[in-house]
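Q: Sharing a structure, written as structure tokens. Questions coming.
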Ligand code: NAD
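Residue numbers (our numbering): 110 to 486.
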């Protein structure tokens, strides 16, 4: 069976869905690999490295896709790529953002799996693209925040005087936020963090940061069965904002990572809070892909406010460390495929009843099967 790896074309995507390391493993599973020329360049992987790993290089996406039974992507295929994917092919990527596309995949007989819908269960951890990518995003956010901050992060006692440690405040302590806490601590910042899920408080403290937040009966039940934060009441958010407002004025670098699954990111930093911050402070909003946690975030941009606060609203944060992000994403996909692999038939075997398979499958046998993707009746 042929497996195709395409060059990503959407929104300046820098990542790639397979690396020479995973190509070798796929070949060991009995697959023929076609990699579109230039697919890895933005991640620092040359065509020669793929060829050395045993892949055949294809001059175009259409050439790579011709006769392919499996297609690996980071982002959803473009219209042109979509048109060249054969009926019955298994398409694996992060596809769920475009719910309407699921109908088109089904119509074309494509079996589509969207990896960001993976259930957050122990068995799925090594396939978890959200975690592997969020971890890198959390790290990079602090690094870019430190770069944009015009003082130092650690306390520096020098003969010319002392530079105080930066106060860093991490909003949202999921996978990205915990890595941001750890990174800001490693840089020598004085770190505090907030979250609404009760379990997060202990995790924040265990990383050596202080917890700042509002807790009540509602927040005791703020976590869904899947481990995500729930959408909470306007009253709760108002109380939380009071606590945050008092704290944020003293912060130098604020890293926003808060998300509520399937919704726009909650607004946690208002324009008034930004106005209360010192000139030279930095807000890094990695929730920008979901609209941002800061009311003044411009997704994809850096803005400087009138009072001199820099707001970094870049999108696709994992794509800012493309080599590491591609390596981990590619391994996540390899683990998924090798877990659901029929060694005799040398082909994927995706049991419908399996919790992981059920979680990620958008389309099967020409129909949209994922509850989140079915058009409203
Ligand atoms: P996420 O990206 O959906 O959200 C980021 C964080 O924002 C979360 O911690 C959330 O609680 C927080 N948040 C939401 N609203 C907020 C608000 N108003 N104020 C402050 N913070 C707010 O989360 P994630 O990083 O994907 O993690 C989600 C859950 O999944 C966590 O419980 C995590 O431990 C769990 N998880 C489990 C596995 C696994 O077992 N396989 C893997 C990864 C993550």
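Backbone N, C-alpha and C fix where the C-beta goes; we use that ideal spot for every residue, glycine too.
Source: prediction; values computed, not measured.
Please check the pair residue 335 and residue 229, which I expect to be a contact at CB under 8 Å, by giving their CB distance rounded to whole angstroms.
A: About 6 Å separates the two Cβ atoms, so the contact holds.
Q: Given 8 Å as the limit, is there contact between the stretch 395 to 403 and the stretch 317 to 335, that is, 3 or more CB pairs closer than that?
A: Contact check between the stretch 395 to 403 and the stretch 317 to 335: fewer than three CB pairs, one atom from each, fall below 8 Å, which does not count as touching.
Q: In terms of residues, what are the limits of the alpha helix (DSSP H) holding residue 453?
A: Segment: none, residue 453 is in no alpha helix (DSSP H) and carries neither H nor E.
Q: For residue 306, which option in 294, 328, 296, 289 has the closest C-alpha, if you only look at C-alpha atoms?
A: Of 294, 328, 296, 289, the residue nearest in Cα terms is 328.
Q: Give the secondary structure of residue 194 by DSSP, where H, G and I count as helix, E and B as strand, and everything else as coil.
A: coil
Q: The ligand NAD and residue 231: does the residue's C-beta get closer than 8 Å to at least one heavy atom of that ligand?
A: yes
Q: So what's residue 464 in DSSP terms, helix, strand or just coil?
A: helix
Q: Looking at the structure shown, is residue 410 part of a helix, part of a strand, or coil, going by DSSP?
A: coil
Q: Using DSSP bridges, identify the partner residues of residue 276.
A: DSSP lists 299 as partners of residue 276.
Q: If we count the other Cβ atoms within 10 Å of its Cβ and call it buried at 16 or more, is residue 416 buried or exposed?
A: exposed
Q: Compute the minimum distance between the beta carbon of residue 364 and the heavy atoms of the ligand NAD, and state whether it is under 8 Å.
A: no
Q: Locate the beta strand (DSSP E) running through residue 363, then write down its first and last residues.
A: Per DSSP, residue 363 belongs to the beta strand (DSSP E) from 362 to 365.
Q: Where does the unbroken beta strand (DSSP E) through residue 489 begin, and where does it stop?
A: This structure does not reach residue 489, given that the chain is present from 110 up to 486, and the question cannot be answered.
Q: Name the two residues that bound the continuous alpha helix (DSSP H) containing residue 446.
A: 431 to 448
Q: State the DSSP-derived secondary structure class of residue 478, mapped to helix, strand or coil.
A: Residue state, collapsed to three classes: coil.
Q: Do you know offhand how far residue 183's Cα is from residue 257's?
A: 29 Å
Q: For the beta strand (DSSP E) holding residue 165, just list the boundary residues, first then last.
A: Per DSSP, residue 165 belongs to the beta strand (DSSP E) from 165 to 167.
Q: Given 8 Å as the limit, tell me if residue 164 has its C-beta closer than that to any heavy atom belonging to the ligand NAD.
A: no
Q: From 479, 341, 300, 340, pick the residue whose C-alpha is nearest to that of residue 321; which is it?
A: 300
Q: Which first and last residues belong to the beta strand (DSSP E) in which residue 174 is found?
A: No beta strand (DSSP E) contains residue 174, which is instead part of the alpha helix (DSSP H) from 170 to 174.
Q: Which of helix, strand or coil does DSSP assign to residue 423?
A: coil
Q: So, for residue 476: in the same chain, excluding its five sequence neighbours on each side, which residues have a beta-carbon less than 8 Å away from its beta-carbon?
A: 215
Q: Would you identify the three-state DSSP class for residue 368, choosing helix, strand or coil?
A: coil
Q: Using a 10 Å radius around the Cβ and a threshold of 16 neighbouring Cβ atoms, would you call residue 425 buried or exposed?
A: buried
Q: Cα separation between residue 324 and residue 343?
A: 14 Å
Q: For residue 294, which three-state DSSP category applies?
A: Of the three classes helix, strand and coil, the one that applies to residue 294 here is helix, per DSSP.
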